[in-house]
Structures are given as structure tokens and as C-alpha cells.
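Participant:
2 protein chains.
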Amino acid sequence: MTVILSYNIVWLTKFIVFVTLMTFLLYYCIMEIRFDLCKSLCHRDPQETELGKKMIENSIVLIDEIGFEAFTFKKLAQRIGSTEKSIYRYFENKHLLLVFLTSWYWEWVRYLIEINIKNIESAPKKLKIAIANLVEATAENPGNKYINENLLHRLVIQEGGKAYHITAVDDENKVGMYLSYKKLVKLVADIILEVNPKFKYSSSLSSNLFEMANNQVFFAEHIPQLSSIASGKKMNQDLIDMLWHFSGKILNQEV
Amino acid sequence: MTVILSYNIVWLTKFIVFVTLMTFLLYYCIMEIRFDLCKSLCHRDPQETELGKKMIENSIVLIDEIGFEAFTFKKLAQRIGSTEKSIYRYFENKHLLLVFLTSWYWEWVRYLIEINIKNIESAPKKLKIAIANLVEATAENPGNKYINENLLHRLVIQEGGKAYHITAVDDENKVGMYLSYKKLVKLVADIILEVNPKFKYSSSLSSNLFEMANNQVFFAEHIPQLSSIASGKKMNQDLIDMLWHFSGKILNQEV
DNA sequence: CCAATTATGACAGTAATACTATCGTATAAC
DNA sequence: GTTATACGATAGTATTACTGTCATAATTGG
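Residue numbers (this note's numbering), protein chains in the order written: chain L, 65 to 319; chain F, 65 to 319.
(1) Out of L:Gln280, L:Ala253, L:Leu165 and L:Gly225, point me to the one whose CA is closest to leucine 126 (chain L)'s CA.
(2) The ligand FMN and proline 188 (chain L): does the residue's C-beta get closer than 6 Å to at least one heavy atom of that ligand?
(3) For the alpha helix (DSSP H) containing valine 249 (chain L), list its first residue and its last residue.
(4) Taking only beta carbons into account, state which residues of the region 264-291 of chain L come closer than 7 Å to chain F, listed in chain order.
(5) Specify the secondary structure class of glutamate 96 (chain F) as computed by DSSP and reduced to three states.
(6) For asparagine 237 (chain F) and chain L, any beta-carbon pair shorter than 7 Å?
(7) So which residues of chain F does leucine 231 (chain L) contact, with C-beta pairs closer than 8 Å?
(8) Per DSSP, asparagine 183 (chain L) forms a beta bridge with which residues?
(9) Name, please, each residue of chain F whose Cβ falls closer than 9 Å to the Cβ of glutamate 223 (chain L).
(10) Can you pull the chain F neighbours of tyrosine 242 (chain L), defined as C-beta to C-beta under 7 Å?
(11) Note the first and the last residue of the continuous alpha helix (DSSP H) segment covering glycine 116 (chain F).
(12) Should asparagine 197 (chain L) go down as buried or exposed, given a rule of 16 or more other Cβ atoms within 10 Å for buried?
(13) To which residues does DSSP link asparagine 212 (chain L) through a beta bridge?
(14) Could you give the distance in angstroms between the alpha-carbon of leucine 140 (chain F) and the alpha-carbon of leucine 101 (chain L)?
(15) Residues of chain F with a CB under 8 Å from the CB of aspartate 234 (chain L): which are they?
(16) Which value, in whole angstroms, describes the spacing of the CA atoms of lysine 297 (chain F) and phenylalanine 282 (chain F)?
(17) I want to see whether chain L comes within less than 7 Å of valine 249 (chain F), judged by CB atoms only; does it?
(18) Does the region 227-241 of chain F touch the region 151-167 of chain F, meaning 3 or more C-beta pairs lie closer than 8 Å?
(19) If you draw a straight line from the C-alpha of asparagine 183 (chain L) to the C-alpha of lysine 189 (chain L), how long is it?
(20) Report the three-state DSSP secondary structure of lysine 297 (chain L) (helix, strand or coil).
(21) If we ignore side chains and look at the alpha-carbon of each, how far apart do asparagine 157 (chain L) and glutamate 133 (chain F) end up?
(22) Look at serine 266 (chain L) and alanine 277 (chain L) and say whether their C-beta atoms are less than 7 Å apart.
(23) Can you round the beta-carbon distance between lysine 246 (chain F) and glutamine 289 (chain L) to whole angstroms, since I take them to be within the 8 Å contact cut?
(24) Among F:Ile195, F:Asn122, F:Ser146 and F:Ile151, whose alpha-carbon lies nearest the alpha-carbon of cysteine 106 (chain F)?
(25) Considering only residues of the same chain and omitting the five flanking positions on each side of glutamine 142 (chain F), which have a CB-CB separation below 7 Å?
(26) Listed from N- to C-terminal order along the chain, which residues in the region 293-305 of chain F have their beta-carbon within a distance smaller than 7 Å of any beta-carbon of chain L?
(27) Determine the burial state of valine 220 (chain L): buried for a count of at least 16 other Cβ atoms within 10 Å of its Cβ, exposed for fewer.
(28) How far does the alpha helix (DSSP H) with phenylalanine 274 (chain L) in it extend, from its first residue to its last?
(29) At the 7 Å Cβ level, is phenylalanine 310 (chain L) part of the contact set with chain F, yes or no?
(30) Compare the C-beta of isoleucine 151 (chain F) with all C-beta atoms of chain L and state if any pair is closer than 7 Å.
(31) Distance check for alanine 232 (chain F) and cysteine 93 (chain L), CA to CA, integer angstroms please.
(32) Rounded to whole angstroms, what's the CA-CA distance from isoleucine 195 (chain L) to glycine 240 (chain F)? Just pull it up for me.
(33) Quick check: is the beta carbon of isoleucine 255 (chain L) nearer than 7 Å to any beta carbon in chain F?
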């Protein structure tokens, strides 16, 4: 009897170890959120290979460190112990890598907003959640093992506009390269219309919330005279309050 | 008597010709508005020489044609029949040329707003004029013989953000490179405070008016799903109406 | 009006950038 | 066990973003 019991305990232990390992494995999988981005963005999807993930992970760090202008595929290759050519097999050029990164970021923000408003009835509450998420897309839970959302957000604040402020903007738009941003802006524009169905400028207010949020953080941190928000611990909350104040006034919603 | 009269007529004619010529000369001088920009922006002030003016005039056209990324001093030199080296004697690099051009533009907008609100008493009217001027800085009167303000405005809409979205933003800010933009934002922020002295976010609303105006034009023309404004003949008026509507709501001013 | 200074053009040169091409090997797929 | 493919290694090219030198033209000062 004691022998059988001890056998059972051994198997139970083994089972528990197995379940724990599977949980970690599952967690590992969940921790690697993958987004279906526009096919034109890359030759090969970097989310599907180890090398590709290394490129994503380290390009974010490197661009954040030295800025997009100084960033080159050669430097990235050196950092991940690969070659320029291998990176070119994934991305046609560094500009498309930037569009990939910003698209991934906007997908991530949309994903966050969507899960957070899922069970919310009140439209103003939805808008409040959307604003909070677009300002602090990183704080709550890290969504990905190899993508540092905090850094990525900083990157989008610093370099995001360069993704579409280019000569070929019309061609790139035609093949759907800015779809992630458009879908996000539409999501929030629809919430805005829920709050005030008669409002004429839902798309402009929506896109301006995103642009203004990032811009005001940039100003607060680098050209403070251009912003009423001060950088520091309270910055994000102050920014959320301001965006919410503006939206409330514009949409005739008393808060 | 007739002889004396005819003599008088000859002198009168000469006088008229002289006055006309002087008027043209004066007009010529007025047509070349010069702004005192930050000394760090250029080695030699291009506004003071023929070659420098050629650089300004043609860099605007060239950047508008091929985009800032593809723009090089070599191409500009070829276009004006000069050499790379000569351009480097005026500007350290193409980035500083861009900062120079955008600064000139912001000085020009501030100049326009200031002369147009000079004799206005009502603060809301001042704000309305400011908004109209920041959207249509070009329409009324061309301010400069060698600078095409229309093109320059398009350039600022397309490439303006790149002037400060750089790694060295803090250093450049320290030496006063963005002073023109700061002064303009301050001018409008003060008008906003005149409209509503209790308003907490005057700087942010002011900078956002400028950023939003340019951004929404860019979206309207290139990624229309991101804007409620449609490109075309009515675009500018629609944009003015929207900015005025937003400002009015935010500042509790019924329009 | 001449001397001195300064601005420009002509030409050369360099390190880095933004790619493209070829080839051998390792690895995964069928 | 062959075949496809992914990757690394190496080489090469046109262009970019500058810097340096020198002769000449234009402007300024006395």
C-alpha cells in the first residue's frame, strides 16, 4: 500500500511537472502575439523565424539608441551576428522595416483597446479607455517576449511620422501599407460617433487624438514650451486628462 | 505761356516716371522680406546674397519635387549652376537647410497673424484670424519675390516634422533652433488665454492647432480615411471651420 | 585706383550608405 | 535521400555626405 501510494506520488509529481511545463509553454506561445500585417511590408514574415524575431527585437533597441537616420542594416546585422543580405531577405529597406514596426504597434494598441472595451456598455467609458490605452499602451501587461512595447512606443513617438511622410505615400497607401493605422483610427472614430452620433468630424478627432498624444509627449520631453504637459511621473495621467477634457468639450459631454 | 506749360508737362512726366520707378524699387524691397533667424542655422545668411536666394528658392522647388530624402546638395548645385562646396558654405547640411526653411515659414505665418490682428479688439476674432492665417498663409499676398510661399507651405506640411524629429533635438533646442516655432505658438497661446483666461492648456491647444492643421491636410490628400476633411477646393475652408469649431468648444465660446 | 579681403568655382578625395550578385553550406521538407 | 530554402561569407557598385586645396572673380577699404 505504501509502495503503491509512493508510486502514485511519483506519478503525481511527474504529472504536476508536466502540467507546469505545458503551462509555461502555453504562456510562451501567448507571449508571442503575432499580427497579420500587410504582405507588402516584408518579403518574409520576421514573426515566423528566430532570426526575424531577433531583427525586430534589436531594430527597436538600435533605432531607439541611435535614431532612425543613423540606423543601418549593417549595424543591425553586426548586433545580431548576421549579415546585411539576410536582413534584406526580410525587408526591402529600412523604411519598410519602420512601417512594419509602427504597424505592429498600432495593431497592438487596437488589440488592447478592443479587449478592454469588450464588456463595456457606456460609450463615454469606452472612449476613456481608448484614450488611456493610446497614451499608456505598455504599462499593463507585456504582450510579447521579444518586443519591448515600452521602447516601441518611444520609437513611434520619435519616428512614427516618418513612416508615411514620404514621397511614395500614395503608392504605399494603395497597396494597403497603412491599414493598421486606418483600422485603429476607424475603431476610435466609431466610438466617438457612439458618444455623439451627430458629430461631423469623427475621423479627424480620432486621428488627432493619436497624433496629438504622441506629439505632446515629444514636445513635453524635448521642446517643453510647445506643450502644457510637463514630462515626469505625472505626464501620462496629465495627458490622458487633457485628451479626455478636449474630447469631452468637443463632443458636448460633461465629465 | 504755352511754352512754359509744355515745359511743365515735360517735368511733370519726368516726375511721374521717377515716382513710378521709385515705387517699383520700394515694391522690390518690400517684396523681399527678410527674417532674423537663429545664427546656428547657417554659416552665411542666404537672404543676403544672390547665390543664397537662389539656394532657398530652388531648394524649396526641388524638395517639393523629389522629397527631402532624395534631395541632395549636389542636385541643388546642378540646378542653380553652382557647386556642392558653395552650398556647404551656407548650410552645414541638408537638415539645417530644412530647419532654416521651416523657421522662415513660421516667421512668415507669425508676421501675417501679427499684422492682421493689429487693430482687432475682440479676442475670439483674433483667434479666428490666426486660424485662417495658419491654414492659408499664402493666399492673400505673396511676401517674397524668390520664395514661393505656396510651395513652402506644402513643404512644411510634407516634411516639417522632420525638422525636429531627430536625435539631436535637445542640442538644437538648446541653441535656439526652434525659436521661430516657439514664438508663433506663444503668440497664439496668448490669444487663447485672452479668449479664456482660466484655460489650462493654452500651449498644447496652440501647438496642436498648427500640427493638426498641417497633418489633416496631409491626411486629406494622401490617406483620406484618417480625416473628416476632403481634399479639393473647399478643403481649406472646411479645415478652418473644423479648427474653429474645436477651439470654440474647448474654450467654451459659442460661435 | 590700387591693395586686401572675401566669395565662388573647379577639381580631387574619402568614408559610409544602400544596395545587388554569387556561391557554398546547413537545415528542413517532402 | 533528394530537393528546396534559408543563411552566411564575400565581393562589388553607385551614390551620399561630406572635407581640402587652389585659382580666380568680385567686393570693399583706404
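Every residue gets a Cβ at the ideal spot worked out from N, C-alpha and C, and that includes glycine. All values reported here derive from a predicted model rather than from experimental measurement.
Facilitator: Let's see:
(1) L:Leu165
(2) Summarising the ligand content, the structure contains no ligands, and the ligand FMN is consequently not present.
(3) 243-259
(4) Lys264, Tyr265, Ser266, Ser267, Ser268, Ser271, Asn272, Glu275, Met276, Asn279, Gln280, Phe283, His286, Ile287, Gln289, Leu290 and Ser291
(5) strand
(6) yes
(7) Reading off the sequence shown, one finds threonine at residue 231 (chain L), where the question assumed leucine. Result: Ile130, Gly131, Glu133 and Ala134.
(8) In the DSSP output, where bridge partners are listed per residue, asparagine 183 (chain L) has none listed.
(9) His229
(10) Ile287
(11) 114-130
(12) buried
(13) BP columns for asparagine 212 (chain L) are empty, so no partner.
(14) 38 Å
(15) His286
(16) 15 Å
(17) yes
(18) yes
(19) 11 Å
(20) coil
(21) 14 Å
(22) no
(23) 5 Å
(24) F:Ile151
(25) none
(26) Ile293
(27) buried
(28) 266-286
(29) yes
(30) no
(31) Reliability of the predicted coordinates at cysteine 93 (chain L) is poor, the pLDDT of 49 falling under 50, and no value is obtained from them.
(32) 33 Å
(33) no
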